[in-house]
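Below: one structure, written as structure tokens.
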Amino acid sequence: MERNRTQRSRRIRGTLLALTAAGSLLLTACGAGGTENHTNSSDKRGQPAPAPGRDERGFESPPSDGDLSTFALDVDTASYTYARRTLADGRTPDPSTVRPEEFVNSFRQDYRRPDGNGFSVTVDGARTAKPNWSLVRVGLATRTAEPTEKRPPAALTFVIDVSGSMDEPGRLDLAKQSLNTMTDRLRDDDSVAVVTFSEHAETVLPMTRLGGHRGEVHDAVDGLEAQSSTNLGAGVETGYATAVEGLRKGATNRVVLVSDALANQGETSPDAILRRIDSARREHGITLFGVGVGSNYGDALMERLADKGDGHTAYVSDTDGARKVFCEQLPQNIELTARDAKAQVAFDPHTVAEFRLVGYDDRKVADDDFRNDHVDGGEVGPGHTVTALYAVRTRPDADGHLATATVRWLDPTTRAPHEESGAVETGALKDSVWETSPRFQVTAVAAYFADALRAGTEHGPALPGAPSLTRLAGRAATLADVTEDQDVQDLADAIREASHTDTGD
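Counting from 1, one number per residue, gives the positions in the sequence shown under our numbering.
As structure tokens, then:
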């Protein structure tokens, strides 16, 4: 697509400012604003790449002429797990519940880990079967998680849905079993509170240190019983009030919402619910971890609450999944290494004709707000990886710099900003997606799968070089053997189930 007049004016203004040597601060905010489908106009061919500027903290800004893609980091996985559950039940997932970034981020990666807090940045890519189109992967990784005994203490407020719909097997019973297991694995200096909600919300257990009091927590959990309607707004509000009352300095204070998110009473708008807890969330830094359960699940509500509540979502449907979420993912999310983390990718207009970010539809950030630290980003803990995949059309015979990816985050304690960057050249692109590392191939398979499940929606054209679901299932099965990874085998099974559902087999 052609650049519009506003984009042309912005580019010209940035160039003039650079020539007067007064624009290094102003150039920080240049670029197109927030759309993820771009085509560079051909009048840039042969132009020299502008020199990067630096902002007032010395951070290097991307070239002002480069096309930018900016988004808040996301480590959620609920969309993928819920899609697997739906397919296992013989149904096709609603395309509105399919978020490709959550498919991609559901699998282990092999990125280099940084030595300290912050991120490493890996950028690589490979050409697809469609001429001039490639998949480019931006991989971010935090340091390895410390052993449990070395992390800060946790103050966790569990907000448990005990409405009538939670009486279905695999909902409240699974939550109770998981909470009891997790309680036994937490440290003595960790604290737990329990809030329930149905028609009304109630604090069943105030913030309680586990040392010497685990029995009280188990009693509170074992006494949970399904009741009537779902006043989720009251539950979240009471949960945050309980968390504030039991706030512990020096600890990670977090609200954990366990629900099928089928709100039918009281406040049901996620934005209105978030407004009620805004002061507790911002002033005290209390983040939200949403755990979805149930075959009929309010995905949109839970995802919105977590995204705007500075938190994450996961979905559980069985005992193994619950153990992974409550005993592995939740402890991993107790500590934070980065707040308000955002990524910005600058594509070189001399080599890139068009690009599209796969997913992150609800996580887009205006390009000018990349370094605006008052704009929310994502919260990330140790042991995490974040992957963003782009479909990129290069110019014929393009050679040279392709893209630079920069991640910016705030220190969770001091709020000091930090940045790290990585880049890739056209010459570094592999000749085929299926000749890359096994983990890159898993990323591609997961993205192709999500794209197939969203086929025919408004989210843009299919990814270039997409194989059929049958071929994709075969690729996944081969990768499961190579990686010896059960998660990849589960992906192969889900794709196979989708192909049968699609063909009516």
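Virtual Cβ for every residue (Gly too), placed ideally from N, Cα, C.
Inter-residue spacing [alpha-carbon to alpha-carbon] between residue i and residue j
| i | j | result |
| --- | --- | --- |
| T268 | E303 | 13 angstroms |
| A353 | F326 | 44 angstroms |
| E435 | K130 | 15 angstroms |
| R3 | R185 | Bear in mind that a pLDDT of 37 at R3, under 50, signals an unreliable position, so the number given afterwards is only what the model happens to contain. Rounded to whole angstroms, R3 to R185 spans 55 angstroms at the Cα level. |
| R99 | V424 | 26 angstroms |
| D55 | L274 | For D55, the predicted model reports a pLDDT of 45, less than 50, meaning its position is unreliable; a value from the coordinates is still stated below. Using only the alpha carbons, I get a separation of about 33 angstroms. |
| R356 | F119 | 23 angstroms |
| R582 | G170 | Nothing about residue 582 can be read from this structure; the chain reaches only from 1 to 505. |
| Y80 | F449 | 10 angstroms |
| V244 | S96 | 34 angstroms |
| G285 | P412 | 9 angstroms |
| L25 | D369 | Annotation note: pLDDT 31 at L25 (below 50); position unreliable, coordinate value reported separately. C-alpha separation (whole angstroms): 14 angstroms. |
| G350 | N105 | For the record, residue 350 in the displayed sequence is His; it is not Gly. Each residue's alpha carbon lies about 30 angstroms from the other. |
| T337 | N117 | 6 angstroms |
| R5 | A398 | Unreliable positioning characterises R5 in this predicted model, as indicated by a pLDDT of 39, which lies under 50. The coordinate reading is nonetheless provided below. Cα-Cα distance, rounded: 26 angstroms. |
| G298 | P396 | 46 angstroms |
| P114 | T142 | 6 angstroms |
| T196 | L73 | 30 angstroms |
| R323 | R209 | 22 angstroms |
| A346 | K176 | 47 angstroms |
| E168 | R475 | 36 angstroms |
| E328 | K430 | 34 angstroms |
| P52 | K342 | In this predicted model, P52 has a pLDDT of only 40, less than 50, meaning its place in the structure is not dependable; the value taken from the coordinates is given anyway. Each residue's Cα considered, the two are about 19 angstroms apart. |
| E283 | P270 | 20 angstroms |
| D219 | S178 | 14 angstroms |
| D481 | A455 | 28 angstroms |
| P464 | T128 | 7 angstroms |
| R371 | A280 | 25 angstroms |
| V392 | R214 | 53 angstroms |
| L453 | A447 | 10 angstroms |
| G321 | E420 | 33 angstroms |
Beta-carbon gap between residue i and residue j smaller than 8 angstroms
| i | j | result |
| --- | --- | --- |
| A126 | V433 | yes |
| G250 | A193 | no |
| V236 | F289 | no |
| D340 | L410 | yes |
| L301 | A261 | yes |
| N180 | V136 | no |
| T394 | N132 | yes |
| D110 | R439 | yes |
| A428 | L469 | no |
| D76 | T313 | yes |
| T501 | G90 | yes |
| L205 | V162 | no |
| P93 | R248 | no |
| L172 | A83 | no |
Of the listed residues the options, nearest to residue i (C-alpha basis)
| i | options | result |
| --- | --- | --- |
| I160 | T203, E168, A141, L186 | T203 |
| Y315 | T351, M166, G294, E328 | G294 |
| A466 | A444, G321, D310 | A444 |
| D67 | D397, A366, G474 | A366 |
| G292 | S421, S120, S165 | S165 |
| D348 | A403, P93, T426, Y390 | A403 |
| E335 | D94, A145, H218, R323 | A145 |
| G239 | R254, T142, A452 | R254 |
| V488 | G400, F103, G90, T92 | F103 |
| I277 | T242, P382, A263 | T242 |
| T426 | D124, A388, K150 | D124 |
| G383 | R151, A428, G223, S228 | R151 |
| A155 | G400, R282, S191 | S191 |
| H401 | A447, G422, T77 | G422 |
| A201 | R214, V217, G233 | G233 |
| E577 | V392, G215, L453, S228 | The first residue shown for the chain is 1 and the last is 505, placing residue 577 beyond what the model contains. |
| T387 | R371, G381, V358 | V358 |
Residue i CB to nearest heavy atom of the ligand FAD below 7 angstroms
| i | result |
| --- | --- |
| P412 | As for the ligand FAD, it is missing from this structure, which has no ligand bound. |
Whole-angstrom C-beta distance between residue j and residue i, which should lie under 8 angstroms
| i | j | result |
| --- | --- | --- |
| G139 | T157 | No, G139 and T157 are not in contact; Cβ-Cβ is about 33 angstroms, not under 8 angstroms. |
| E379 | T287 | 6 angstroms |
| P417 | D376 | Not really, about 14 angstroms apart at Cβ, beyond 8 angstroms. |
| D485 | R112 | At roughly 19 angstroms, the Cβ-Cβ gap does not stay under 8 angstroms, so D485 and R112 are not in contact. |
| V442 | L479 | 6 angstroms |
| L330 | M207 | With a Cβ gap of about 17 angstroms, L330 and M207 do not count as contacting. |
| G211 | D189 | 7 angstroms |
| A462 | L87 | Contact flag wrong, Cβ pair sits at about 19 angstroms. |
| E101 | Y390 | 12 angstroms between Cβ atoms; not a contact. |
| Q265 | T70 | That pair is no contact at about 38 angstroms. |
| T319 | L174 | 7 angstroms |
CB contact below 8 angstroms: residue i versus chain D
| i | result |
| --- | --- |
| A366 | Of the protein chains in this structure there is only one, and it is not chain D. |
Unbroken alpha helix (DSSP H) runs of length 4 or more, entirely within the segment 89-162: which are they? For the segment 89-162, the full-length alpha helix (DSSP H) segments reaching 4 residues or more read 100-104 along the chain.
Where in the segment 250-299 do unbroken runs of the alpha helix (DSSP H), each at least 4 residues long, occur, reported from the N-terminal end onward? Qualifying alpha helix (DSSP H) stretches, in chain order: 270-276, 278-284.
Beta strand (DSSP E) runs wholly inside the segment 319-379, at least 3 long, in chain order: Listed in chain order, the complete beta strand (DSSP E) runs (minimum 3 residues) inside the segment 319-379 are 338-347, 352-357.
Whole beta strand (DSSP E) elements within the segment 176-209, 3-residue minimum: Counting whole runs of 3 or more residues, the segment 176-209 contains the beta strand (DSSP E) stretches 191-197, 201-209.
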